[in-house]
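Sequences listed follow chains A and B, in order. Those letters in the first sequence? Residues 35 to 162, by the working numbering. Those letters in the second sequence? Residues 35 to 162, by the working numbering. C-beta atoms are modelled at their ideal positions from N, C-alpha and C, and glycine is treated no differently. Predicted model only: the values in this text are computed from it and were never measured. I have placed the structure first, in the form of structure tokens, so that the comments after it can refer back to it.
2 protein chains.
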Amino acid sequence: MKKKLEDYDLHASCPIRNVLDRFGDKWSILVILLLGEHKTAMRFNEVAQTIGDISQKMLTVTLRTLEADGMVMRKHYPEIPPRVEYELTELGKSLLPHINGLAQWAVKNYDTITKSRKKFIAKKQLVS
Amino acid sequence: MKKKLEDYDLHASCPIRNVLDRFGDKWSILVILLLGEHKTAMRFNEVAQTIGDISQKMLTVTLRTLEADGMVMRKHYPEIPPRVEYELTELGKSLLPHINGLAQWAVKNYDTITKSRKKFIAKKQLVS
DNA sequence: TCACTTACTTACCAAAAGGAAACTATAGGT
DNA sequence: ACCTATAGTTTCCTTTTGGTAAGTAAGTGA
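As structure tokens, then:
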């Protein structure tokens, strides 16, 4: 059974879990980060090509979910071939500093973490 | 096929995706937040009961992964029955402000987001 | 001898996430 | 008549995630 937007009202009691669950997927944070870096609105294929390895389907559902949450604005121009542009809303922009903070932390501590992982695996081999 | 710790070296090229992928699971952020709030180290069952709806298995793998990354320190006392205590490392503590920022953002914008979701669903019904 | 405790591990299973490829609409170009 | 382009949607499939329940170790107390 597929999960639909309507089913996302779980954890309604806990704002933190409810909201952060949304960013636990594979692409949301990346898309927000990307739209945040870009000064102007981006087209669908522009986003897809910049990310590189996202499927059309997943980009669509990611953007739709972000739109539903009010994080991303979708502007559809009724032309042919179609043109659709995406940009962060004020809400989306207000999240940016926080995930940028996370991202900077990740970059800064990447070495420490990978070394820790290797050490942990090595220790495991000795024990088993 | 199960994913083992050893297999986590994907996205090695992108620190952000590599590190943040780790927090995309159901429990990691919650466990860090919890250990961060607590002044003293916490025992396994203490963590489990505070969270409430986490399974033993998932708490074990979550803590192991955080330990492997160097975020959490595990202290094992060779007593019977066993006693194991967990607390954040300095690395783990350095992440706290960032996810606390996220959490506060989530609380602050929870209303806006749930309203946006409802509006989006309502609009969808009209169109289809 | 049996139950009880803690902190697990393991096997099995259901659900969810996500990828690949084909299909869609529509107009313009050749 | 066919190809191109954009931004999707749909179907089918595999992979990943996470839950349940049972089993494990090892000493203590009844």
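The criterion of a C-beta distance shorter than 8 angstroms is satisfied by B/A102 and A/F154. Contact between the stretch 101-121 of chain B and the stretch 69-86 of chain A is not established, with fewer than three Cβ pairs separated by less than 8 angstroms.
For the options A/M107, A/S89, A/W139, the alpha carbon positioned closest to that of A/I66 is the one of A/M107.
When Cβ-Cβ separations below 8 angstroms define contact, A/F78 makes no contact with chain B. DSSP places B/M107 in the strand class (E or B) of the three-state scheme. The three-state secondary structure of A/E113, taken from DSSP, is coil.
Residues of the stretch 81-94 of chain A with a Cβ closer than 9 angstroms to any Cβ of chain B: none. For the set B/K157, B/F57, B/V81, the Cα lying nearest the Cα of B/L130 is the one of B/F57.
Following the DSSP letters along the chain, one finds B/K91 inside the alpha helix (DSSP H) bounded by residues 90-102. Across the structure, A/L136 and A/R117 are spaced so that their CA atoms are roughly 32 angstroms apart. For A/A102, the nearest CB of chain B lies under 8 angstroms from its own CB, placing it at the interface with that chain. Going by C-alpha positions, B/R77 is about 14 angstroms away from B/I114.
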